[in-house]
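Notes for the one structure printed next.
In the numbering used here, the protein residues as written are 8 to 152.
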């Protein structure tokens, strides 16, 4: 049921109750039939439970987000597995797995380093502007004097 339909189907407020009663959000459920039809790699309930652990309580997760997250995680597993498949040994060990996921773990460090470099670049720009102002004042003073 859409959110608009939920709002239209709300009962009239009873006398003595506030007119703006809080409407509880209803999530769209992904049925097992839809999961089978979509051929999702993971159970949707597991994905939703993991997402809920990190989302605010008032967030509503739409069906397309649940399906998208499920497919994206499936793709991530496929990429890591393809990387692990390049290892010539028949038995995979934890250190090989860690090496395969290192690029994903280092991505966050990359963004932190990028922000640090951009902040340093901004400081350099401000220094240049200050020096330009100082030099501009000196040149004007020499022309007048």
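Glycine included, every Cβ here is placed at the ideal spot set by N, Cα and C.
Per the coordinates, the alpha-carbon of residue 65 lies some 30 Å from the alpha-carbon of residue 84. Annotated as proximal: residue 78 and residue 47, with beta-carbon spacing under 8 Å. Excluding five sequence positions before and after residue 100, none of the CB atoms of its chain fall closer than 6 Å to its own CB. In the displayed model, residue 100 falls within coil according to three-state DSSP, outside both helix and strand.
The C-beta separation of residue 103 from residue 112 comes to about 15 Å, leaving the pair out of contact by the 8 Å criterion. Cβ atoms of residue 76 and residue 54 come within 8 Å of each other, at about 5 Å. DSSP places residue 47 outside any alpha helix (DSSP H), giving it a letter other than H or E. Of the residues assessed, residue 51 falls on the buried side of the cut-off, its CB having 16 or more other CB atoms within 10 angstroms. With a 10 Å radius around the Cβ and a threshold of 16 neighbouring Cβ atoms, residue 73 comes out buried. Assignment of alpha helix (DSSP H) within the segment 61 to 92, counting only whole runs of 4 or more residues, yields 70 to 92 in chain order.
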